[in-house]
Amino acid sequence: MSEDRRGDPVDVRIVVEGASDVEVISRALQRMALGGEFHVTVTSVIPTTHAHIAEKAAEGADVVIIATDADKPGRKLAKKLAETLKGKVGTVERMKLPLGHDVEHVDLDLVVKELRNAIVRAGLRSLPEIKELRERNEELETRVEELEAEVESLSEELEKREETVEELEERLKELEAELTDCRAEKGRLEELVEELEEEKERLEGEIRELKSRLREMVVVAEREEVGVPEDVDPG
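Count the sequence shown with this note's numbering and you get residues 948 to 1182, in order.
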């Protein structure tokens, strides 16, 4: 036997109005090869007219077929159940049961035909959704690739900038060390300038004193040349 590569079968659940409908659907299913023909499996037939019960019983289904009578009450019930299940299961499809069907006298060929058509419609209805999902998936894959490339580019840029920051931090440390040395040297130079200023003032004082003594010596020498006693006023 060859391996089925189609994956898991589609989970189909059928909602009917009453217990007699369950038997009708079950007999119709016995005439069908749903697994081989459609790759689906009917996991349950749910007899209920209550929306909340149908919702709980259909939870997780890929396809829900609502099988009701082909009269006005049947259409109304199918509409109510479909509105409740919409968006909560994969696909919702209606199937019309023959009016006045009796378990013993129902036209099973007609029921099989309706059931097969409902499954086909559900599959065709899901095709656009599948296509849309695939297109969206392709868009997301493209976007993921773009974002990954952008992240990689930003990571490389960040790495370069981190290297630049490290270089700048090293340079900053060098400049701070140089600034510290310059400030220390500036302090030493200021002290030296202060010492030199003091030395300059001292030397200027000595120069003034020497000039004063020199003038006195000149006066004494001039007096000695003219023979003027030192205690006589030259004027």
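Don't be surprised by glycine CBs; every beta carbon is placed ideally from N, CA and C. From a predicted model like this one, the values you see are computed outputs, not experimental measurements.
Distance check for residue j and residue i, CA to CA, integer angstroms please.
| i | j | result |
| --- | --- | --- |
| L1105 | V1112 | 10 Å |
| V1170 | E1145 | Reading off the sequence shown, one finds Arg at residue 1170, where the question assumed Val. Each residue's Cα considered, the two are about 38 Å apart. |
| E1088 | S1100 | 18 Å |
| L1032 | E1110 | 59 Å |
| E1153 | R1160 | 10 Å |
| A1096 | K1120 | 36 Å |
| S991 | E1040 | 15 Å |
| P994 | I961 | 9 Å |
| K1035 | L1055 | 31 Å |
| E1172 | G1134 | 56 Å |
| L1193 | L1136 | Absent from the structure is residue 1193, since the part of the chain shown begins at 948 and ends at 1182. |
| S973 | E1093 | 52 Å |
Nearest to residue i by CA position, among the options, is which residue?
| i | options | result |
| --- | --- | --- |
| G983 | A975, P956, I961 and V992 | P956 |
| V1058 | E1097, R1130, E1110 and M979 | M979 |
| G1021 | T996, K1147 and E1030 | T996 |
| V1067 | V1010, R1090, E1103 and L1115 | V1010 |
| T1038 | E964, L1046, K1147 and A1029 | A1029 |
Please work out which residues of its chain come closer than 7 Å, Cβ to Cβ, to residue i, disregarding the five sequence neighbours upstream and downstream, and give them in chain order.
| i | result |
| --- | --- |
| S949 | Bear in mind that a pLDDT of 38 at S949, under 50, signals an unreliable position, so the model cannot answer this. |
| G965 | P994 |
Return the first residue and the last residue of the beta strand (DSSP E) that residue i is part of.
| i | result |
| --- | --- |
| L1028 | No beta strand (DSSP E) contains L1028, which is instead part of the alpha helix (DSSP H) from K1019 to L1032. |
| R960 | V957 to V963 |
| D1016 | V1010 to D1016 |
| V987 | V987 to P994 |
Note the first and the last residue of the continuous alpha helix (DSSP H) segment covering residue i.
| i | result |
| --- | --- |
| L1046 | Premise fails: L1046 is in no alpha helix (DSSP H) and is neither H nor E. |
| H999 | A998 to A1005 |
Please go through the same chain and pick out, in chain order, the residues whose beta-carbon is closer than 8 Å to the beta-carbon of residue i, but skip the five residues on each side of it.
| i | result |
| --- | --- |
| G1182 | At G1182, the pLDDT of 48 sits below 50, so the modelled position is not reliable and the matter cannot be decided from this model. |
| R952 | Per-residue confidence for R952 stands at a pLDDT of 47, beneath the threshold of 50, marking its modelled position as unreliable; no derived number is given. |
Between residue i and the rest of its own chain, which residues show a CB-CB distance below 6 Å, the 5 nearest in sequence each way excluded?
| i | result |
| --- | --- |
| V1165 | none |
| D958 | T990, A1008 and D1009 |
Q. Taking contact to mean at least 3 C-beta pairs separated by less than 8 Å, is the region 984–993 in contact with the region 1015–1025?
A. no
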